[in-house]
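See structure below.
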Amino acid sequence: MPKFRINSSFKLIPALEKLGIKKVFSPQEADLSGLLTSKEHLAISDVIQKAFINVTETGTEAAAATAVVVGLTSVYSPDNAIDLRVDRPFFYSISYKNFPIFVGRVVSPEL
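What follows is the structure in structure tokens.
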């Protein structure tokens, strides 16, 4: 058998919405108050499943994980909007109460 490695990544929200699960993804309709002690309004912003399988002459390794991203919701206010042009690689940090939740680097953004 040949050696190979396969990686996959799937965004699951479209499939979940086809199954009728919709409100939990809407910042206006989501109600996660029964799951969390936070008083802030939260909604699920992404559901991602990643998996890999690696086959070599010494064996096979496989794993999968699903992540549910929950975020604070806010109301868009055009009065507070700013134009920001980022035309080179940059670092970012998303923090909650001064605690970094996500930190990363963008070298070549894809939309």
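Going by the numbering used here, the sequence shown opens with residue 290, and the numbers climb by one from there. Ideal Cβ positions, reconstructed from N, Cα and C, are used throughout, including at glycine.
Exercise. Could you tell me if residue 336 is buried or exposed, where buried requires 16 or more neighbouring beta carbons within 10 angstroms of its beta carbon?
Key: buried
Exercise. Pick helix, strand or coil for residue 295, following the three-state DSSP scheme.
Key: strand
Quiz item: Where does residue 316 sit, in a helix, a strand or coil, going by DSSP?
Solution: coil
Quiz item: Alpha carbon to alpha carbon, how far is residue 314 from residue 330?
Solution: 12 Å
Quiz item: Would you report the Cα separation of residue 387 and residue 348, rounded to the nearest angstrom?
Solution: 44 Å
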